[in-house]
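Engineer:
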C-alpha cells in the first residue's frame, strides 16, 4: 500500500463544508434521540417540559461554567499560540490580528444571543 492510499482518513484534508454539514446532522440526530428518550422516560412532552423548566437554573450554571472554561483555555493556551503564529506574517500579523479580534467579538455576540434567546424562552416566549 502506498502512503497516499489512505489520505482520505486524515481529517485535515476533508472539505470544511462537508465537516460542518456532518457535524450539524450528527448534532440534530443526537438531540432528537435525547429528546425522544427523555419524553419516553418522563411519560410525555408536558412532563419533559416541566422537568426542563425545573432544571433551567442548573443548566444555565453549567453553560456559564462551560463558557468560562472555554474562554480560559482560549486566552491562556490557544490564543498566545495563534498570535505568535500570526506575528510571523509579512505585515507582522496586523491584518490577521484584526480579523481574529472581530472573530472573538462575533463569538461573544453569538453566545450572548443564545443566552438572551434562552432567557426570553424562560420568561414565557415572545
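In the numbering used here, the protein residues as written are 2 to 127. All residues carry an ideal CB built from backbone N, CA and C; glycine is no exception.
What residues in its chain sit with their C-beta under 8 Å from that of residue 66, if we drop five residues either side in the sequence?
Structural biologist: No residues qualify anywhere along the chain.
Engineer: Quick check: the Cα distance between residue 47 and residue 35, rounded to an integer number of angstroms?
Structural biologist: Roughly 16 Å separates the two Cα atoms.
Engineer: Would you check if the distance between the CB atom of residue 87 and the CB atom of residue 94 is smaller than 9 Å?
Structural biologist: Yes. Within cutoff.
Engineer: Output needed for residue 112: all residues of its chain with C-beta closer than 7 Å, excluding positions within five of it in sequence on either side, in chain order.
Structural biologist: Around residue 112: 68.
Engineer: Leaving aside the five residues before and after residue 12 along the sequence, list all residues of the same chain whose C-beta is less than 8 Å from its C-beta, in chain order.
Structural biologist: Answer for residue 12: 20, listed in chain order.
Engineer: With DSSP as the reference, label residue 50 as helix, strand or coil.
Structural biologist: Three-state DSSP puts residue 50 in a helix.
Engineer: Measuring only the C-alpha atoms, how far is residue 84 from residue 41?
Structural biologist: Going from the Cα of residue 84 to the Cα of residue 41 covers about 48 Å.
Engineer: Rounded to a whole number of angstroms, what is the C-alpha to C-alpha distance between residue 56 and residue 116?
Structural biologist: C-alpha separation (whole angstroms): 15 Å.
Engineer: Grouping DSSP H, G and I as helix and E and B as strand, with all else coil, what is residue 56?
Structural biologist: Three-state result, residue 56: coil.
Engineer: Which class does residue 89 belong to by DSSP, given the choice of helix, strand or coil?
Structural biologist: Residue 89: coil per DSSP, three-state reduction.
Engineer: What first and last residue would you give for the alpha helix (DSSP H) that runs through residue 100?
Structural biologist: Residue 100 -> alpha helix (DSSP H) spans 95 to 123.
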